[in-house]
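> The number in the working numbering is simply the position in the sequence shown, starting from 1, with 167 added. In this text, a Cβ means the ideal position worked out from N, Cα and C, and glycines have one as well.
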Amino acid sequence: MPAPAGLLAALLDAYSEPQRHYHTLQHLEECLAHFDALRHLAEHPAEIELALWFHDAVYDIHAHDNEARSADWASSALLAAGLAPDACRRVHGLVMATCHDALPASLDAQLLTDIDLAILGAGPERFAEYEAQIRAEYAHVPQALFLDKRRQILRGFLDREHIFQTQPCRERFEAAARRNLAHAIEQAS
168 MPAPAGLLAA LLDAYSEPQR HYHTLQHLEE CLAHFDALRH LAEHPAEIEL
218 ALWFHDAVYD IHAHDNEARS ADWASSALLA AGLAPDACRR VHGLVMATCH
268 DALPASLDAQ LLTDIDLAIL GAGPERFAEY EAQIRAEYAH VPQALFLDKR
318 RQILRGFLDR EHIFQTQPCR ERFEAAARRN LAHAIEQAS
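Here you go:
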């Protein structure tokens, strides 16, 4: 399916917006690289790849509906490009899974959310860079409030029985993610 004229440029522009420090082309490239290693596990690999391209396409640091707006953009753009409506609905659902507010039910959603969270299991240098990038995105938030909210978010992941839903990601990232999260929570205290 060829992309509509200008869609790729619009997505690249979105990930290059100046308020972004983590949710950038670097994050997208890292996600796509992780997906390449997991593609063989997917039920609908093309839909996961599309969802990865759109999952942070809208990123307004003051908004609480970025995933919904990204999912809506994906649906409308992909429908206009000729993707079947049921596939558009699945892509929409995959993008919405990146809210990380519930454990994903489908294998594809599990893969997508694991890929999105893979940064938590990165090596110490990359994880420290990620933490600095997140802080830069929220530079407008007072330090004490940022640290309090950050601890809550990180603790939410650490308190899960499993951070990663798929066995390959658990094996690759879980132990490092738990170390990184515990260290980040300690640093934020």
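Helix, strand or coil: how does DSSP classify L312 here?
L312 falls in the helix class under three-state DSSP.
> Applying the 10 Å Cβ sphere with the 16-neighbour rule, what's the burial state of Q332?
Buried.
> Following the continuous alpha helix (DSSP H) through G260, name the residue where it begins and the one where it ends.
Residues 252 to 264.
> Using a threshold of 9 Å, state whether the C-beta atoms of D283 and L205 are closer than that.
No, they are not a contact pair.
> Do F221 and A238 have their CB atoms nearer than 9 Å?
Against a cut-off of 9 Å, the Cβ pair of A238 and F221 comes out as a contact.
> Rounded to whole angstroms, what's the CA-CA distance from L178 to D223? Just pull it up for me.
Cα to Cα, the separation comes out at about 9 Å.
> Compare the beta carbon distance of R327 and G288 with 9 Å and say whether it is the shorter of the two.
In this structure, G288 does not lie closer than 9 Å to R327 by Cβ.
> May I ask you to report which of helix, strand or coil DSSP gives L178?
Note: L178 maps to helix in three-state DSSP.
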